[in-house]
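Numbering (this note's numbering), first residue to last: 74 to 147.
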């Protein structure tokens, strides 16, 4: 069964939303170990940047692999 582009995007966004929470909590816990002290607002903003990059990366990779799958099915 072929996944539509829209459903690829929906899956990627859902995956990254969960990852956003994990990333922010990880930043809050790990940054101080490396001497980086940030506010919650800064962590949330950095999380947004990483989230946008993750959505684009995940969507692009999914489309590449779908194209490969479709080519090999021919």
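Every residue, glycine too, gets a C-beta built ideally from N, C-alpha and C.
Computed from a prediction, not measured in an experiment: that's the story for all the values here.
**Asked** Taking three-plus beta-carbon pairs below 8 Å as touching, is the stretch 112–127 in contact with the stretch 136–147?
**Response** no
**Asked** Does the separation of the CB atoms of residue 101 and residue 116 fall below 8 Å?
**Response** To locate residue 101, count along the chain shown from 1; it is residue 28. To locate residue 116, count along the chain shown from 1; it is residue 43. Result yes, Cβ atoms of residue 101 and residue 116 sit closer than 8 Å.
**Residue burial classification, residue 94 (beta-carbon count within 10 angstroms, cutoff 16)** = As a first step, residue 94 must be located in the chain shown, where it is residue number 21. Per the 10 Å Cβ criterion, exposed.
**Message:** Below 8 Å on the Cβ atoms is my contact criterion, and I expect residue 81 with residue 135 to pass it. Report the Cβ-Cβ distance as a whole number of Å.
**Reply:** Walking along the chain shown from the start, residue 81 turns up at place 8. Walking along the chain shown from the start, residue 135 turns up at place 62. Indeed, because the Cβ distance is near 5 Å, the residues count as touching under 8 Å.
**Prompt:** Is residue 108 buried or exposed, if buried means 16 or more other CB atoms sit within 10 Å of its CB?
**Reply:** Residue 108 sits at position 35 when you count from the first residue of the chain shown. Classification of residue 108: exposed, given that the 10 Å Cβ count is below 16.
**Asked** Between residue 120 and the rest of its own chain, which residues show a CB-CB distance below 6 Å, the 5 nearest in sequence each way excluded?
**Response** Within the chain shown, the letter at position 47 stands for residue 120. Closer than 6 Å at the Cβ level, and outside the excluded window around residue 120, lie 93, 96 and 97.
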